[in-house]
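48 is the number that UniProt numbering gives to position 48 of the sequence shown; each next residue is one higher, with no gaps.
A virtual CB, placed ideally from N, CA and C, is assigned to each residue, including glycine.
Since the structure comes first, as structure tokens, the remarks are kept for the end.
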Amino acid sequence: MTKITIIGSQQSGKTTLAAKMGKKGNVSDFTMYDFAKGDKIMTIIDPTGYPDSVKPLIASLTLSDIAILCVPPTGLDAYAGECIVCLECMGYKHGLVLLTKSDTTYPQATDELKTKLQNITKGTALEHWEYMTVSTKTFEGMEELKEKIFTMGETIDEENKKKATLPTRVIIDQTFNVTGIGCVVLGVVMQGTVNAKDKMTAYPTSKPLEIRSIQMHDVDVRTAPSGARVGLALKGIQSKDIDRGHVLSLDEIISENLKIKCRLSPFSKGFNTGSVLHVFVGLQSSPMRVSSIEKKGNIVEKASAGDEYVLELTGMKEISYSQQDRFILTDLDEKQRFIGYGSL
Ligand SMILES: Nc1nc2c(ncn2[C@@H]2O[C@H](COP(=O)(O)OP(=O)(O)OP(=O)(O)O)[C@@H](O)[C@H]2O)c(=O)[nH]1
Ligand SMILES: [Mg+2]
């Protein structure tokens, strides 16, 4: 099961592409599309709530394995630039650069655009991503794109198999109440394996629960592997007690404040002690005040683009995370909102 997020320039054909690739499903601040061919299943996410908010962008990418960065013949715009900084901050591994609307340009211009983009993305997470060309109008490149995604999906399936024995963690992106069943949640098994009857805890609220039943793409299953998109019916918890961003796990760290080692993006403006940042971890986020900035053991007043720091951040809301999680730092008042990333 391969999960893809489509991002990139405004009006580059992202929504049209998603709609041509799959059948429209759930809509919130991102829209999901499903495609199945034999045992191959694909979920395509269109983060429609971006660029108004960075939340759906981070959420969609977190729930996906592959990012498709769409660039039309007119090139990168400020939002595609911001998407690249986001991918870089997330350390996003798998992706493609898709040169869209190929029916409106000619091959030489496409080659020039590709060379330009390869120069811009040198040294970033996108450096070794493949380039493909499509038109949703003439269907040029559409089959090749699907094939490419399934091939990448095989690599991702292998990576997921290696995560099967890790402690189980499921990130929830939707919760609702179903009459006669009770609390139902949708989410992705980020690592480990979920089994019916498993006893787990919802974090950061620390509410205990039991997995009553599991569905994968509307089919009842007893167990769901790492990487699976699942629907879970839960026992012992009400839908009002669980929200998007919550993590089902056996053990997570919970805190309001953080002390993290972080690296600022070269494309950020930096910040000072006292600044308020929005810190994301998985699908959770919290506004946090920078209470101290340390550079190589010394306390400093300002954090600048491209450098590394130890930050102390003070929040007012509990978030949950684990030792290996990556925190994404954003400043929602800036034009380019991604500042950098950090870890414990
Ligand atoms: N000629 C041509 N037009 C296209 C193609 N794909 C999309 N379009 C047109 O481009 C416009 C934008 O398409 P959307 O799919 O809405 O693009 P988007 O990237 O989702 O746009 P935003 O969400 O507003 O950023 C629409 O008028 C589409 O009909 C294509 O391959 N060729
Ligand atoms: Mg769109």
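Task: Closest by C-alpha distance to Gln11, when choosing among Thr48, Ala67, Gly25, Lys3 - done: Thr48
- [ ] Provide the residue(s) that pair with Asp34 in DSSP beta bridges, ordered along the chain.
- [x] Lys23, Thr43
Open item on the list: Can you tell me which residues fall inside 7 Å of ligand 2, judged by beta-carbon distance to its nearest heavy atom, and keep chain order?
Closed with: Lys14, Thr15, Asp46, Thr48
Task: Straight-line gap, Val85 to Gln108 (C-alpha atoms, nearest Å) - done: 28 Å
Open item on the list: I'd like to check one pair, Tyr203 with Val247: are the Cβ atoms closer than 9 Å?
Closed with: yes
TODO: Starting from the C-beta of Leu329, find all residues in its chain whose C-beta is less than 7 Å away, skip the five residues before and the five after it, and write them out in chain order.
DONE: Cys262, Leu277, Val279, Ile339, Gly340, Tyr341, Gly342
Open item on the list: When you compare the CB positions of Leu98 and Leu166, do they come within less than 9 Å of one another, or not?
Closed with: no
Open item on the list: Would you say the beta carbon of Gly8 is closer than 8 Å to some non-hydrogen atom of ligand 1?
Closed with: yes
TODO: Indicate whether Leu140 and Asp111 have their beta-carbon atoms separated by less than 9 Å.
DONE: Looking at the sequence shown, residue 140 is not Leu but Glu. In this structure, Asp111 does not lie closer than 9 Å to Glu140 by Cβ.
Task: CB contact flag (Cys70, Ile4, <9 Å) - done: no
TODO: Could you tell me which of Val221, Ile237, Phe271, Thr151 sits nearest to Cys183, measuring between CA atoms?
DONE: Ile237
Task: Span of the alpha helix (DSSP H), counted from its first residue to its last, around Tyr79 - done: 78 to 90
Task: Local Cβ density within 10 Å of Pro208, reported as buried at 16 or more and exposed below that - done: exposed
TODO: Taking Pro167 as part of the beta strand (DSSP E), name the residues at either end of that continuous run.
DONE: Taken as a continuous stretch (DSSP letters only), Pro167 belongs to no beta strand (DSSP E), as it is neither H nor E.
Task: Check whether Ser304 and Gly274 have beta carbons under 9 Å apart - done: no
Open item on the list: Let me check understanding here. Comparing Cα to Cα, which of Ser239, Gln174, Thr205, Glu127 lies closest to Leu250?
Closed with: Thr205
Open item on the list: Let me check understanding here. Comparing Cα to Cα, which of Lys302, Leu57, Lys101, Leu113 lies closest to Leu87?
Closed with: Leu57
Open item on the list: Closest to Ala67 by C-alpha separation, out of Pro266, Arg326, Trp129, Lys259, would be which residue?
Closed with: Trp129
- [ ] State the DSSP-derived secondary structure class of Pro56, mapped to helix, strand or coil.
- [x] helix
Task: Beta carbon of Gly13 nearer than 9 Å to that of Thr155 - done: no
Task: Buried or exposed by the 16-neighbour rule on C-beta atoms within 10 Å, applied to Thr115 - done: exposed
- [ ] Would you check whether ligand 1 has a heavy atom nearer than 8 Å to the C-beta of Asp103?
- [x] yes
- [ ] Taking Cys89 as the reference, give the member of Leu311, Asp333, Gly306, Leu117 with the closest Cα.
- [x] Gly306
TODO: Could you check if Leu63 is buried or exposed, using at least 16 other CB atoms within 10 Å of its CB as the buried criterion?
DONE: buried
- [ ] Report the rounded CA-to-CA distance for Pro225 versus Val189, giving the unit in angstroms.
- [x] 7 Å
TODO: Using beta-carbon positions only, say whether Val310 and Ile242 come within less than 9 Å of one another.
DONE: no
- [ ] Return yes when the C-beta of Val27 is under 8 Å from any heavy atom of ligand 1, and no when it is not.
- [x] no
TODO: Compute the minimum distance between the beta carbon of Val134 and the heavy atoms of ligand 1, and state whether it is under 8 Å.
DONE: yes
Task: Straight-line gap, Ile253 to Glu143 (C-alpha atoms, nearest Å) - done: 44 Å
Open item on the list: For a quick check, are the C-beta atoms of Ile41 and Met32 less than 9 Å apart?
Closed with: no
- [ ] Please find out if some non-hydrogen atom of ligand 1 comes closer than 8 Å to the beta-carbon of Leu57.
- [x] no
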